[in-house]
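*Asks:* Below you'll find the structure I mean.
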Amino acid sequence: MNKTILIVDDEQDLLDLMEIILEAEGYNVIKAINGKEALVKISTSMPDLVLLDVMMPIMDGWQVLKNMRKDARTENIPVVMVTAKIGIEDKNRGLQEGASDYIGKPFSPKEVLSRIKSILQQD
Ligand SMILES: [Mg+2]
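In the numbering used here, each residue's number is its place in the sequence shown (first place is 1) plus 81.
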């Protein structure tokens, strides 16, 4: 069965672009425009991986990650954080809080695809 990826970003253009790219690779794609919507879609759809923007209104990526890791149903879903500021502090924080990987913005679609593929092959 095709894997399902939830893309979370407050930039609609980026959501649409990633949807096209990931669907072309055979993934099922779900989208959320902020963290609150992301949590709802995670619990209803149980995606195989979440591509999670850090800076978003209403609820940011850190809060989403924290919520996912507290919930036994979602604690093992891989999360790839996508962030414009990718300092060492952010990396450490993300590792502590259970992110699987990081991608800096702006990113190349090829890079995102290869990271996603390698994470999904691990399980
Ligand atoms: Mg953002």
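The beta-carbon is built from N, C-alpha and C at its ideal position, and this holds for glycine as well.
Since the structure is predicted, the reported quantities are computational estimates derived from the model, not experimental observations.
Using CA coordinates, which residue listed in Gly168, Asn115 and Val110 is at the minimum distance from Met136?
*Replies:* Stepping through the sequence shown from its first residue, residue 136 is reached at position 55. Cα-wise, what sits closest to Met136 is Asn115.
*Asks:* Name the DSSP beta bridge partners of Met162, please?
*Replies:* In the sequence shown, residue 162 corresponds to position 81, counting from 1. Answer is Leu133 and Tyr183, bridged to Met162.
*Asks:* For Ser189 and Arg154, I'd like the C-alpha separation in whole angstroms.
*Replies:* Here residue 189 is taken as the residue at index 108 of the sequence shown, counted from 1. Here residue 154 is taken as the residue at index 73 of the sequence shown, counted from 1. Cα to Cα, the separation comes out at about 31 Å.
*Asks:* What are the boundary residues of the beta strand (DSSP E) that Ile86 is part of?
*Replies:* Within the sequence shown, numbered from 1, the residue matching residue 86 stands at position 5. From DSSP, the beta strand (DSSP E) with Ile86 extends over Thr85 to Val89.
*Asks:* Quick one: does the C-beta of Asp90 sit closer than 8 Å to a heavy atom of ligand 1?
*Replies:* One-based indexing of the sequence shown puts residue 90 at position 9. Yes, Cβ of Asp90 sits closer than 8 Å to a heavy atom of ligand 1.
*Asks:* I need the boundaries of the beta strand (DSSP E) containing Ile111, first residue and last residue.
*Replies:* On the sequence shown, residue 111 is found 30 positions in, with the first residue counted as 1. First-last of the beta strand (DSSP E) with Ile111: Asn109 to Ala113.
*Asks:* Can you tell which of Ile88, Leu176 and Glu170 has the C-alpha that lies nearest to the C-alpha of Lys122?
*Replies:* Sequence index remark: in the sequence shown, residue 122 carries index 41 (1-based). When each option's Cα is compared against that of Lys122, the closest is Ile88.
*Asks:* With DSSP as the reference, label Ile139 as helix, strand or coil.
*Replies:* Counted from its first residue, the sequence shown places residue 139 at position 58. Coil at Ile139, not helix or strand.
*Asks:* Contact between the segment 159-179 and the segment 141-148: three or more CB pairs below 8 Å?
*Replies:* A contact exists between the segment 159-179 and the segment 141-148.
*Asks:* Given 8 Å as the limit, tell me if Met136 has its C-beta closer than that to any heavy atom belonging to ligand 1.
*Replies:* By 1-based counting over the sequence shown, the position of residue 136 is 55. For ligand 1, at least one heavy atom lies less than 8 Å from the Cβ of Met136.
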